[in-house]
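Accompanying notes for the structure given below.
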Amino acid sequence: MLELQGITVAYGESVVLKDLSLTVPEGRTLALLGANGAGKTTTLRAASGVLKPASGRLLVDGVDLSGAQPYRFAKAGICHVPEGRGVFPSLTVRENLVLQSYRTDSAVAVERAVSAFPRLGQKLAQTAGTMSGGEQQMLALARAYVQQPRVVLLDEVSMGLAPKVVDEIFAFLTRLAEEGVSLLLVEQYVSKALAISDYVAILSRGRLVFLGEPDELAGTDIFAQYLGSAEQVTA
Ligand SMILES: Nc1ncnc2c1ncn2[C@@H]1O[C@H](COP(=O)(O)OP(=O)(O)O)[C@@H](O)[C@H]1O
Ligand SMILES: [Mg+2]
101 MLELQGITVA YGESVVLKDL SLTVPEGRTL ALLGANGAGK TTTLRAASGV
151 LKPASGRLLV DGVDLSGAQP YRFAKAGICH VPEGRGVFPS LTVRENLVLQ
201 SYRTDSAVAV ERAVSAFPRL GQKLAQTAGT MSGGEQQMLA LARAYVQQPR
251 VVLLDEVSMG LAPKVVDEIF AFLTRLAEEG VSLLLVEQYV SKALAISDYV
301 AILSRGRLVF LGEPDELAGT DIFAQYLGSA EQVTA
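In structure tokens form, the structure reads like this:
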């Protein structure tokens, strides 16, 4: 479905991803793990067309989108939920949802968002920037639902949120996956991420050092080797 083939990305002189190949199969969840600075965010930015790789190819359903503008990736069903809060803070919740619903009727979009996160239903007229961090992240994720994407790229969406909100967010990700959406999941809560993933890829300094199923990691020291501190690996 989404394929990165031998992607190399550099910021100026500094090569950050080296010959990276990854596939997110139809309807599957791939966790992308690695220490700070390993290149996870860069991978997602390349996969949504925001960053142009120096070499390599990006395929969506076998169609080569290398070098295409981000809107072509969006049209092909790739939805990127970036680091931080991907909302327009000065617009209301309803305005944020309608803006993001270019593929859907706006009433349907609002209804879908509220079905994903009922709490948003009571906040439709509220300015997004005045909501709590958790509510803003729910709004950013509701966008993924409203657009009916085929692949969602998630960059540490649970970062800095209260445990109850994190659970709500993981329940939503599970729902997306059950509905057949493919997920490329970058997450600091490694155990939670592995629990909902079909495959796991580990990046170290821009290179793929492990690709397999979560079960294959049991009893190995791969986490200690590549993920830095121990508290990162316990949910
Ligand atoms: N805009 C940028 N300009 C220069 N270097 C960057 C930029 N963004 C990230 N980097 C560097 O690229 C490497 C990978 O970063 P990133 O993809 O953000 O890693 P991760 O998300 O795994 O923490 C890091 O060494 C980081 O310092
Ligand atoms: Mg990052």
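In terms of our numbering, the sequence shown is numbered consecutively and its last residue is 335. C-beta: ideal position from N, C-alpha, C; glycine also. The structure displayed is predicted, hence computed values, not measured ones.
- With DSSP run on the structure shown, which of helix, strand or coil describes Gln215? Checking the sequence, you will find Ser at residue 215 rather than Gln. Three-state result, Ser215: helix.
- Task: For the beta strand (DSSP E) containing Lys140, list its first residue and its last residue.
- Result: Segment Lys140 to Ala147 is the alpha helix (DSSP H) holding Lys140; no beta strand (DSSP E) there.
- Query: Whose beta carbon lies closer than 7 Å to any heavy atom of ligand 2, going through the chain in order?
  - Reply: Lys140, Thr141, Glu183, Asp255, Glu256 and Val286
- Task: Just the C-alpha distance for Leu303 and Ala213, rounded to the nearest angstrom, thanks.
- Result: 33 Å
- Are there three or more Cβ pairs, one per stretch, closer than 8 Å when the stretch 305–323 is compared with the stretch 275–282? no
- Lys140: which of Leu117, Leu224 and Cys179 sits nearest, CA to CA? It is Leu117.
- Query: Are three or more beta carbon pairs between the stretch 217–235 and the stretch 167–183 nearer than 8 Å?
  - Reply: no
- Message: Within 10 Å of its beta-carbon, does Tyr48 have 16 or more other beta-carbons around it, so buried, or fewer, so exposed?
- Response: What is shown of the chain runs 101 to 335, which leaves residue 48 out entirely.
- Query: Would you say the beta carbon of Asn136 comes nearer than 7 Å to a heavy atom of ligand 4?
  - Reply: As far as ligands go, the structure on display features ligand 1 and ligand 2 and does not contain ligand 4.
- Between the CA atoms of Val246 and Glu211 - distance to the nearest angstrom: 9 Å
- Query: Can at least three beta-carbon pairs, one atom from the stretch 179–188 and one from the stretch 152–162, be found at a separation below 8 Å?
  - Reply: no
- Query: Going by DSSP, which residues form a beta bridge with Leu120?
  - Reply: Ile107
- Query: Buried or exposed: where does Leu208 fall if 16 or more other Cβ atoms within 10 Å of its Cβ makes it buried?
  - Reply: Looking at the sequence provided, one finds Val at residue 208 rather than Leu. Under this definition Val208 is an exposed residue.
- Task: Thinking Leu254 and Val181 are a contact (beta carbons under 8 Å), I'd like their distance in whole angstroms, please.
- Result: Beta-carbon to beta-carbon, Leu254 and Val181 are separated by about 5 Å, close enough to satisfy the 8 Å threshold.
- Query: Looking at the structure shown, is Val210 part of a helix, part of a strand, or coil, going by DSSP?
  - Reply: If DSSP states are grouped into helix, strand and coil, Val210 belongs with the helices.
- Item | Bounding residues of the alpha helix (DSSP H) (the contiguous stretch that carries Phe188) | Where Phe188 is concerned, there is no enclosing alpha helix (DSSP H), given that its DSSP letter is neither H nor E.
- Task: Please state if the CB of Thr129 and the CB of Ser297 are separated by a distance shorter than 8 Å.
- Result: yes
- Message: Just to confirm, is the Cβ distance from Ala168 to Leu102 under 8 Å?
- Response: no
- Excluding the 5 residues preceding and the 5 following Leu191 in the sequence, name in chain order all residues of the same chain whose CB lies nearer than 8 Å to its CB. Leu199, Thr227 and Ala228
- If you measure from the CB of Val210, is any heavy atom of ligand 1 nearer than 7 Å? No - ligand 1 has no heavy atom lying nearer than 7 Å to the Cβ of Val210.
- Item | Heavy atom of ligand 1 within 7 Å of Ser114 beta-carbon | yes
- Item | Length of the line joining the Cα atoms of Arg305 and Asp267 | 30 Å
- Identified DSSP bridge partners for Phe310: According to DSSP, Phe310 bridges with Ile302.
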